[in-house]
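Structure first, then comments.
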Amino acid sequence: MDSKAEIALLRDQLDRWSAAYHRDDEPEATDAEYDRAIARLRELEAVHPELLLSTSPTQRIGDTPLSEFTSVTHRRPMLSLDNAFSGEDLQAFDERIVSRLGESVTAYCCEPKLDGVALSLLYRDGQLIQAATRGDGTTGEDVTHNARTIRNIPLTLVGTRFPSELEVRGEVVIPRSAFQQMNSRLLKSGEKVFQNPRNAASGSLRQLDPRITAKRPLSFMAYSVGYTSGEPLPDTHFDILQTLKGWGFTVSNLTSRVTDWQTAEAYAADILAQRADIEVDIDGVVIKVDSMPLQESLGAVSRAPRWAIARKFPAQEEVTQLLAVDFQVGRTGAITPVARLEPVFVGGVTVSNATLHNADEIARLGVKVRDFVVVRRAGDVIPQVVKVLTERRVGSEVDVVFPTVCPVCSSTVVRDQDEAVQRCDNTLGCSAQQKAALQHFVSRKAMDIDGVGEKLLEQLFDDGLVVDASDLFSLSVAQLSGLDRMGEKSAQNTVKAIADSRQTTLARFLYSLGIREVGEATALSLANHFGELDAIAQASTEALEEVPDVGPIVASHVYRYFRQDLTQAFLLRLIERGVSWPVIDTSVESVGPFIGQTWVVTGKLEAMSRDAAAEAIRALGGQTATSVSSKTSVVLAGPGAGSKLSKAESLGLQIINEAEFLKRLESAS
Ligand code: IVH
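Last residue of the sequence shown? That's 669 in this note's numbering, and every number before it is there in order.
Here it is, written out as structure tokens:
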């Protein structure tokens, strides 16, 4: 094959793989295959620079920086939307339309209102030729160099029957999990964090240097078509979106066509209820007249169309006053500053506390007590202070002073090398750490001791009845019934619950010890790999690092834990008092409860990565695959699962969620 043909073939293949991966969440190639193909293409393009196209998949890494932005005049203005804040507002919107048209509307298209940055993409003969920001709606900035680095923006459209000129509009977003990962990386390395995913997306898109943009986890979601010429498009908005999907664009899978405003309002309520589980920040839903001819005849008033409206959700950012900063000592001794706030309604709940993370973050924010601050609560994420309104200072604000000794036990506060966190160094003697360790030990995912809550533990600890977790197992009914608010009957129940919990699994037991960096998933991997506690306790750091998901840091924490003087005695006491678990047989490979089963893992998991889940499945004898077919036995689906889940549903396969999966792992181990 000549180079020209090979280049064409590679580009076509890479574009298809890219669409399968980003649009369909249904990889057709492994990462290694993709990397090999792109390396080969790069090699060929280097030898034949005359064959290099700006739309080549090799161009996604970002080329040379620009010295300034050029402006782009939109062929059709990029409008904004009017807002509706209630069902009545939506009804009024519908009534305005009906009276204008003289007929009722029988279809609305409902979509999430994505909280990102608008972007217009221009394609000529299926090739991306220009990308522009919204700007003032009439003129925006040319950000083509940056748009090319966004992985799910097709550089070449998939298929054939597209208009010769096509402008696709949509929103550039950063999924919340990627945003959090990015910010915690920045926080750890002492860099400036972003206020929210929208600011991060906007800042990333407006970079002169596309190599910076290429490193940001940006994603483009198409929501409409602007200018087109040539081949006509479908005559409903909903069908246009489906067509865009076919050409390789990502379109929200929450898009839905409804028949009237009441159903649109119900849609809004439904999306609001799911808000925390949706991967990207949304600030409402957009309701659009579905018929394109009707949209045309309705037209626009000033800067907003008459045919669409944004049904807004409660804001996820609000302003409130910082009343005080308290310092909490966690299980690992980490000292976390907590902002006490004037209560404020944000993200659908009343917030009166927010985390300030660590001393670096306080310094970065420059926050003082009595400052007015912007508080953000997105989904079920812990509320954060993201910004200080320095312009609202009156002079009575006071600096936050970080404690130099532990606020609970007065021991020295230390700061580990390369870590932004300050810790109380009195690991075994600080009552805050001891209490937190006890709470962790009894918690649901650890030893799961029913009826032993925070209050009771506090009382037991303060009365000296329980110093460490092993003391729980020698508590008597008489000791317990002597406590406040504890009758004979509930004392009996508690003793029984504690006794019942002794029969456990190695994974749970390991997790309950509260070893630093050993979460549920790591505990499970360690248990499955070594099979017994002694083997883990005696393992070298090298041997520990052989376990999937265990890196040098985790290995060193585990290693050190088992070499502390008090650990051996503590473990011995627990075992003497009856804590036990079945031994796991690790000697034979590919046996186990999942033998003969093929699993597919999709969507977001909470307790572990998808890789770790797959590892656990294989450890129990199962096989894992990346795509769903009739050969699939079980699909493990987390929130955000897309086409794989729908396919599994249509094939009538067994689908389980993460909670069920963890149960199966546990009963298998
Ligand atoms: S339609 C003329 N659909 O919201 C119609 N816009 O406040 C306007 N937005 O600048 C575009 N999600 O960037 C539309 N599903 C969606 C949207 C959406 C977010 C943004 C868009 C626009 C702003 C208007």
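Ideal Cβ positions, reconstructed from N, Cα and C, are used throughout, including at glycine.
Under the 8 Å Cβ criterion, the region 363-373 does not count as touching the region 285-292, having fewer than three qualifying pairs.
Annotated three-state conformation of residue 493 is helix, per DSSP. In this structure, the C-beta of residue 373 stays at least 7 Å away from each heavy atom of the ligand IVH. Considering only 170, 87, 57, 66, the residue with the shortest C-alpha distance to residue 116 is 170. Checking the 7 Å criterion, the Cβ of residue 67 is out of range of every heavy atom belonging to the ligand IVH. Residue 611 and residue 177 have their C-alpha atoms spaced approximately 16 Å apart. About 12 Å separates the Cβ atoms of residue 442 and residue 504, ruling out a contact at the 8 Å cut-off.
In this structure, residue 280 and residue 175 form a Cβ contact; the two beta carbons are roughly 5 Å apart against a cut-off of 8 Å.
The nearest non-hydrogen atom of the ligand IVH is 7 Å or more from the C-beta of residue 200. Counting along the chain, residue 219 sits inside the beta strand (DSSP E) bounded by residues 219-229.
Secondary-structure assignment with DSSP links residue 140 through a beta bridge to 72. For residue 141, the shortest separation between its Cβ and any heavy atom of the ligand IVH does not lie below 7 Å. Cβ-Cβ distances below 8 Å link residue 382 to 354, 355 in the same chain, with the five nearest sequence neighbours on each side left out; the list follows chain order. When only Cα atoms are considered, residue 437 and residue 388 end up about 34 Å apart. DSSP places residue 600 outside any alpha helix (DSSP H); the residue lies instead in the beta strand (DSSP E), whose first and last residues are 598-602. Apart from the 5 residues on each side of it in sequence, residue 77 sits with its Cβ closer than 7 Å to the Cβ of 137, 138 in its chain, given in chain order.
With 6 Å as the limit between CB and the heavy atoms of the ligand IVH, the residues that fall short of it are 79, 80, 81, 111, 113, 114, 118, 134, 171, 223, 224, 286, 305, 308, 310.
Looking only at 267, 597, 273, the smallest Cα-Cα distance to residue 255 is reached by 267.
Under the three-state reduction of DSSP, residue 83 is assigned to strand. The count of Cβ pairs closer than 8 Å, one atom from the region 481-500 and one from the region 513-527, stays below three, leaving the stretches out of contact.
Residue 521 holds the alpha-carbon nearest to the alpha-carbon of residue 606 among 521, 340, 114. Going by DSSP, residue 435 is part of the alpha helix (DSSP H) stretching over 431-442. Comparing alpha-carbon positions, the option among 528, 558, 646 lying closest to residue 615 turns out to be 528. In this structure residue 259 does not touch residue 333 by the C-beta definition: roughly 58 Å separates them, more than the 8 Å allowed. Around the beta carbon of residue 566, fewer than 16 other beta carbons sit within 10 angstroms, so the residue counts as exposed.
By the criterion of a C-beta distance shorter than 7 Å, residue 207 is surrounded in its chain by 146, 213, once the five residues flanking it on both sides are discounted. Contact check for residue 594 and residue 572: beta-carbon distance about 34 Å, past the 8 Å limit, so the pair fails to qualify. For residue 205, same chain residues with a beta-carbon under 6 Å away, outside a window of 5 residues either side, are 117, 143, 146, 172 in chain order. Burial check for residue 663: the Cβ neighbour count within 10 Å stays below 16, so the residue is exposed.
Contact between residue 622 and residue 597 holds: CB atoms are separated by about 5 Å, below the 8 Å threshold. In terms of CA proximity to residue 272, 110 leads the group 110, 201, 195. Spatial neighbours of residue 371 in its own chain (CB-CB distance under 6 Å, excluding positions within 5 residues in sequence) are listed in chain order as 322, 388, 397.
Between the alpha carbons of residue 656 and residue 641 lies a distance of about 12 Å.
Residue 605 sits in coil when the DSSP states are folded into three classes, being neither helix nor strand. Judged by DSSP secondary structure, residue 210 falls within the alpha helix (DSSP H) whose first and last residues are 210-215. When DSSP states are grouped into helix, strand and coil, residue 528 belongs to the helix group.
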